[in-house]
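Heads up, my numbering is the position in the sequence shown plus 14, with the first residue counted as 1. Worksheet for the structure shown next.
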Amino acid sequence: MTSLRSALGMTLTTVLLAGCTLGPDFISPPPPDTQNYGSGAAPTLPQIPGEPTQHLVQNQPIATEWWKIFGSPALDQLIHEALAGSPTLQAAQGTLLQSQHALAEVRGDYFPQVDFAAGAQRQRGPAFALGLLPPNNPQPPLFNLYSIGPLVSYSPDVFGLTSRLVEQQEALTEVAGYQWAVAQLSLTGNAVTGAFILASTRRQIDILQEIIRTDEHSLTLIQDQFRFGKIPLHQLLTAQVQLAHDRTLLPTLTQQYSAMANAIAVLAGKLPGTWTAPAFDLTEFSLPTELPVSLPSAWVRQRPDIRAAEAQLHASSAAIGVATAQMYPSFPLTASIDTAALSATSLFQQSSLIWSLAGGLTMPIFHGGALTAHKQAAVDAFQATLAIYRQTVLQAFSQVTNTLQALEYDGQRLAAERLALDSANEALRLQKLSVTAGKSDALSLLDSERNAHQARLDYTQAQTQRYLDSAELFIAMGGGWNDLNLCGYCSKQAVLPTQTHAKETDPTTQGENQ
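Structure, rendered in structure tokens:
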């Protein structure tokens, strides 16, 4: 009875020691220390006559299905198909589900492990120890031994090894969740910009074909004039060069259209050539008049790529705690209740009942410096991950800054192209009146038509860039990924990590909590 009390006392003491967690506690790195993107205040978007007016709105929430702001049912359907069929998104979701199950596996170490064991042996041994034969018997006989019963094992988390392992896997699960959000944002963003490029390229092909027809008509007139000696040879050659040059542009645009259609097919999880992309037209899109811009302090919480880098940093911090805890003792506990007998019929008799309760201590003494090196490697890995986090923030910040500047400068370009288009159309109108009045010839009219077509082509490119810049800003702001759980596009919904704020920052400068 005394030995039982001693065993129970040792077990209780070991359990009471649990709860001491070694290693650094993680805190999120601070956001960029600025209120603006770039050197000055937010840019002022130009007012363009005849074009929708855009303005920036501070801290405006972004809808989950942000692409619907462009008002195209065909675009909505394309993104629906892409979200449902993208192998990239399915792979990211599978990785997240794998991480969640790995987390459940690690959390199992918090609890005792219960197993069941049964055995049957036939052996020759010191049977006299069991009272079967006198000690001086020279030939011990063979005998059978049967045993059955449960076995319980448990290792108290005295120095926080299990807690740090769970913390590390929780952070890795967050990484997988945020990377899933990155994959969704990339998929929807590429689909939106791809639709704009398809629509723009399609219109540019139509305009270029009009230019080529005008060139051909002009060349016919010039050839007639040259035949009658009314114009010099160089003017004929110039017209031929112009037609040849414009014709070279058509295959390039057609190839660009095909390549983008194939890229969109891949986004939707379809084989290129077996699926036809929607025939988008620029007129079906609505340009958003309000563009969201968050303060940098809030923006870092909206970007899934930054959150993924932060979660990876958290996992590296927890790895330091794991390496630290592995340098301290562990206290394995085992308990069993068995029945053992020499015959199967006696196995369940009260006299066959045996039990054991054991506690142990395993403490590293000398490992050739391996444990210290392992901990230092974890610290070095944290420093490398911290540098990756900082680089991720810098690149994302640069993306926002570049997009805001593009909205300003591309808006200025669109204003100039709109003025050029209006002027070319007015010149064409006046030229038609002049031809009707007999003051100009047909060749002058064709030149005005070509100038108007070229102005339309340049204007289309500038108009498309404004759509692309607007979409890019939604992407750079994070694309409303916080509510992606609610979309319901995936056949198996995994739970995205919640936006929790951690407690600390640089683990390499903190002491160990014991």
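Just so it is clear, CB atoms sit at the ideal spot from N, CA and C, and this is done for glycine as well.
Item	Value
The region 36–49 contacting the region 332–339, beta-carbon criterion three pairs below 8 Å	yes
Cβ neighbour criterion (16 or more within 10 Å) applied to T262	exposed
Residues that S344 bridges to, as DSSP identifies them	T376
Straight-line Cα distance separating T109 from Y503	Summary for Y503: the model assigns pLDDT 35, below 50, so the residue's position carries little reliability, and this model does not support an answer.
Proximity below 7 Å, CB of T207 to CB of L418	no
Nearest to L421 (by Cα), restricted to the options I41, Q68, H94 and I225	Q68
Limits of the alpha helix (DSSP H) - the one that P87 falls within	P87 to G99
Status (buried if at least 16 other CB within 10 Å, exposed otherwise) for P44	exposed
Which of helix, strand or coil DSSP assigns to S370	strand
8 Å contact criterion, which D472 and E431 should meet: CB distance rounded	5 Å
Nearest-angstrom Cα separation, counted from A96 out to L460	45 Å
Counted within 10 angstroms of its Cβ, other Cβ atoms place T202 as buried (16 or more) or exposed	buried
Cβ neighbour criterion (16 or more within 10 Å) applied to K389	buried
Neighbourhood of S308 by C-beta, 7 Å cutoff - its chain only, sequence neighbours within 5 removed	N73, Q316 and M491
Contact belief for Q218 with L117 at Cβ below 8 Å, rounded distance in angstroms	That pair is no contact at about 51 Å.
Check whether V393 and I334 have beta carbons under 7 Å apart	yes
Inter-residue Cα distance where the pair is F380 and F396	26 Å
Inter-residue Cα distance where the pair is Q227 and A469	Just to set this straight, residue 227 is Arg in the shown sequence, not Gln. Roughly 16 Å separates the two Cα atoms.
Of the residues A98, L165 and P246, the one placed nearest E353, counting alpha carbons only	The sequence shown places Thr at residue 353, not Glu. Comparing Cα positions, the closest option is L165.
Limits of the alpha helix (DSSP H) - the one that E184 falls within	L175 to R241
L8, DSSP secondary structure in three states	Residue 8 falls outside the range modelled here, since the chain spans only 15 to 528, and no answer is possible.
Spatial neighbours of Y271 in its chain, beta-carbon cut-off 7 Å, leaving aside the 5 residues before and after	L212, T215, R216 and I219
Inter-residue Cα distance where the pair is T290 and A275	8 Å
DSSP bridge partner residues for H69 (one or two, in chain order)	E304
Per DSSP, the bridge partner or partners of P286	W289
Which listed residue (P346, S462, L444 and T450) has its alpha carbon closest to that of L175	P346
Y51: first and last residue of the uninterrupted alpha helix (DSSP H) it sits in	Neither: Y51 is in no alpha helix (DSSP H) and is coded neither H nor E.
Of the residues S331, S370 and P378, the one placed nearest Y12, counting alpha carbons only	In this structure the chain extends from 15 to 528, so residue 12 is not present and cannot be described.
Outcome for R321 when other beta-carbon atoms lying within 10 angstroms are tallied against a minimum of 16	buried
Proximity of L199 and G493 at Cβ, strictly below 7 Å	yes
Three-state secondary structure (DSSP) of P521	Legend: pLDDT at P521 = 39, less than 50; position of this residue unreliable, value from coordinates given subsequently. Note: P521 maps to helix in three-state DSSP.
Identified DSSP bridge partners for F130	P164
Closest residue to T348 among A325, I368, Y342 and G373 (Cα-Cα distance)	G373
Classification of G467 by the beta-carbon crowding that lies within 10 angstroms, buried from 16 upward	Looking at the sequence provided, one finds His at residue 467 rather than Gly. Label assigned to H467: buried.
Minimum C-alpha distance to F130 - residue among A106, S161, S113 and L103	S161
S86 beta carbon less than 7 Å from that of E304	no
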